[in-house]
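S.K.: Residue numbering for the sequence shown follows this note's numbering, starting at 11 and increasing by one per position.
The structure follows.
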Amino acid sequence: MTHSRRTPSRLRLEAALHDLAAVFRGMTAVPDENNCECHWGSAEDLAELKTPDVRLDPDLLRRAWQATDWRDHGAVLRRVLPQLATALVEGEVDPLFDMGDVGQSFERGKWQGWPAGQAGSVREFLHAWWADSLVTPDPAVPAYEVFALCAEASGTVAPWLSVWEGTTHPTADRRLVEAVNQWEYDLLGDELPWYAWEHDEQRIGELSTWLAVHAPARLRSQGASAELLHCVRLLGLSGSARWEDPHWPGHSY
11 MTHSRRTPSR LRLEAALHDL AAVFRGMTAV PDENNCECHW GSAEDLAELK
61 TPDVRLDPDL LRRAWQATDW RDHGAVLRRV LPQLATALVE GEVDPLFDMG
111 DVGQSFERGK WQGWPAGQAG SVREFLHAWW ADSLVTPDPA VPAYEVFALC
161 AEASGTVAPW LSVWEGTTHP TADRRLVEAV NQWEYDLLGD ELPWYAWEHD
211 EQRIGELSTW LAVHAPARLR SQGASAELLH CVRLLGLSGS ARWEDPHWPG
261 HSY
């Protein structure tokens with residue numbers, strides 16, 4: 011890992027990566043796994059996914075997690091997880107849209123239904139990475155992108171917001187300013203602010219409500235602009251009360 015600071019959150023993340031490598035050592039795609047050579051890759055590429063513990067080149071790694079038409083996506087995901095997790099933390103994964111795209115690969119693998127040891131290893135990695143992204147001064151991946159991945163991978167925003175709420179740290183407050191700047195346009199338009207397959211009113215509502223309640227004081231502590239504070243306040247309103255507010259930012263959708 012490129013970061014040299016041996017903070018408690020970084021040590022936890024390193025331990026989670028080490029555990030992933032141990033838990034998923036020897037995993038392969040299922041023997042009858044197949045994909046289109048014209049659009050996905052060669053027979054040699056496919057053979058690598060059926061061979062345990064061989065390091066994949068970055069392009070093959072990307073095609074492996076990104077493909078949506080595997081016979082057993084979970085097996086492919088287990089095969090690439092140790093390398094994928096490290097690449098994610100190092101900022102070496104370039105999704106098609108944003109990190110929500112990667113989170114959907116986790117969700118397609120149905121990891122929460124895997125055996126307890128495997129699911130627990132994935133869960134700890136996600137939580138460790140999220141916690142570290144909130145307090146690391148120079149994360150390789152912005153915290154709002156890590157949040158999107160975790161939310162898509164788990165299908166919920168609640169546990170990740172709970173961690174943010176409990177992380178009373180100036181860096182976590184700065185991460186909140188960055189996130190609100192990134193998210194306010196979509197959330198004010200009642201859309202999730204990352205790539206998602208479907209409109210999810212529950213997650214939109216939970217995220218908007220949490221920001222309206224918990225963000226203002228933390229934004230003020232970081233000298234956020236009045237305009238940004240108004241955007242957060244507007245997330246607590248709905249319907250015409252939001253659109254007709256005198257401080258509506260003038261967004262058009």
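Even for Gly, the Cβ is constructed at its ideal location relative to N, Cα and C.
Since we're looking at a predicted model, the values are computed, not measured.
(1) Only counting the same chain, and skipping five residues up and downstream in sequence, which positions put a Cβ closer than 8 angstroms to that of N119?
(2) With distances taken from CA atoms, which of Y263, P152 and H28 is nearest Q182?
(3) Alpha helix (DSSP H) containing R252: first to last residue?
(4) Within 10 angstroms of its Cβ, does T12 collect 16 or more other Cβ (buried), or is it exposed?
(5) Using only alpha-carbon positions, find the residue among G176, G130 and V132 that is nearest to L144.
(6) Compute the Euclidean distance between the alpha carbons of A129 and L244, then round it to the nearest angstrom.
(7) Under 8 angstroms between the Cβ atoms of L229 and V173?
(8) Can you name, in chain order, every residue of its own chain whose Cβ lies under 6 angstroms from the Cβ of Q232, other than the five neighbours on each side?
(9) Let me know if P149 comes out buried or exposed under the rule of 16 or more other beta-carbons within 10 Å of its beta-carbon.
(10) Grab me the residues of G101's own chain with a C-beta within less than 6 angstroms of its C-beta, minus the 5 sequence neighbours each way, in chain order.
(11) Which residue from L94, F135 and W220 puts its Cα closest to that of L21?
(12) Drop a sphere of 10 angstroms on the beta-carbon of C160, count the other beta-carbons inside from all chains shown, and report buried for 16 or more, exposed for fewer.
(13) Below 8 angstroms on the Cβ atoms is my contact criterion, and I expect A222 with V242 to pass it. Report the Cβ-Cβ distance as a whole number of Å.
(14) Using the beta-carbon count (16 or more within 10 Å), is V64 buried or exposed?
(15) With distances taken between CB atoms, is the gap from E117 to E155 smaller than 8 angstroms?
(16) Do the CB positions of W121 and V112 come within less than 8 angstroms of each other?
(17) Is the beta carbon of A74 closer than 8 angstroms to that of M109?
(18) By Cβ distance, which residues of its chain are closer than 8 angstroms to T146, with the 5 residues on each side in sequence left out?
(19) On the three-state DSSP scale, how would you describe D79?
(20) So is P125 buried or exposed if we call it buried at 16+ other beta carbons inside 10 Å?
(21) Specify the secondary structure class of H137 as computed by DSSP and reduced to three states.
(22) Would you decide whether W80 is buried or exposed? Buried here means 16 or more other CB atoms lie within 10 Å of its CB.
M.R.: Let me lay it out:
(1) Start at 1 with the first residue of the sequence shown, and residue 119 comes out as number 109. Checking the sequence, you will find Gly at residue 119 rather than Asn. Here the set comprises H83, G84, V86, L87 and R88.
(2) Residue 182 sits at position 172 when you count from the first residue of the sequence shown. In the sequence as presented, Gln is not what sits at residue 182; that position holds Ala. Closest by alpha carbon: P152.
(3) Taking the sequence shown and counting its residues from 1, one reaches residue 252 at position 242. First-last of the alpha helix (DSSP H) with R252: G249 to W253.
(4) Translated into positions along the sequence shown, residue 12 becomes position 2. Since pLDDT at T12 reaches only 45, below the 50 mark, its modelled position is unreliable, and the value read off the structure follows with that caveat. The Cβ neighbour count for T12, taken over all protein chains shown within 10 Å, is under 16; the residue is labelled exposed.
(5) Numbered from 1 along the sequence shown, position 134 holds the residue referred to as residue 144. Looking from the CA of L144, the closest CA among G176, G130 and V132 belongs to G176.
(6) Position 119 of the sequence shown, counted from the first residue, corresponds to residue 129. Position 234 of the sequence shown, counted from the first residue, corresponds to residue 244. Spanning the alpha carbons of A129 and L244 requires a straight line of approximately 38 angstroms.
(7) Position 219 of the sequence shown, counting from 1, holds the residue named residue 229. Position 163 of the sequence shown, counting from 1, holds the residue named residue 173. No; because the gap between Cβ atoms is not below 8 angstroms, this pair is not in contact.
(8) As a position in the sequence shown, residue 232 is number 222, starting the count at 1. Cβ within range, chain order: D183, R184 and V187.
(9) Here residue 149 corresponds to residue number 139 of the sequence shown, with the count starting at 1. That one is buried.
(10) Within the sequence shown, numbered from 1, the residue matching residue 101 stands at position 91. In its chain, beyond the 5 residues on either side, A150 and V151 have a beta carbon closer than 6 angstroms to the beta carbon of G101.
(11) Residue numbering aside, residue 21 sits at position 11 when the sequence shown is read from its first letter. The candidate whose alpha carbon is nearest that of L21 is F135.
(12) Walking along the sequence shown from the start, residue 160 turns up at place 150. A buried status is given to C160, since no fewer than 16 other beta-carbon atoms sit within 10 Å of its beta-carbon.
(13) Within the sequence shown, residue 222 is the residue found at index 212, counting from 1. Within the sequence shown, residue 242 is the residue found at index 232, counting from 1. Between V242 and A222 the Cβ distance is about 6 angstroms, and since that is below 8 angstroms, they are a contact.
(14) Taking the sequence shown and counting its residues from 1, one reaches residue 64 at position 54. Within 10 angstroms of the beta-carbon of V64 lie fewer than 16 other beta-carbons, which makes it exposed.
(15) In the sequence shown, the residue the question calls residue 117 occupies position 107. In the sequence shown, the residue the question calls residue 155 occupies position 145. Taking 8 angstroms as the Cβ cut-off, E117 and E155 do not qualify as a contacting pair.
(16) Taking the sequence shown and counting its residues from 1, one reaches residue 121 at position 111. Taking the sequence shown and counting its residues from 1, one reaches residue 112 at position 102. It is not a contact, given that the beta carbons lie outside the stated cut-off.
(17) One-based indexing of the sequence shown puts residue 109 at position 99. One-based indexing of the sequence shown puts residue 74 at position 64. 8 angstroms or more divides the Cβ of M109 from the Cβ of A74.
(18) As a working note, residue 146 is residue 136 in the sequence shown. Exclusion of the five residues before and after T146 leaves H13, R15, T17, S19, R20 and T181 as the residues of its chain whose Cβ lies within less than 8 angstroms of its Cβ.
(19) Reading the sequence shown from its first residue, position 69 is the one you call residue 79. Here D79 carries a coil assignment [DSSP, helix/strand/coil].
(20) Reading the sequence shown from its first residue, position 115 is the one you call residue 125. The residue in question, P125, is exposed, as its Cβ has fewer than 16 Cβ neighbours within 10 Å.
(21) By 1-based counting over the sequence shown, the position of residue 137 is 127. In the structure shown, H137 sits in a helix (DSSP, three-state: H, G or I).
(22) Taking the sequence shown and counting its residues from 1, one reaches residue 80 at position 70. W80 comes out buried.
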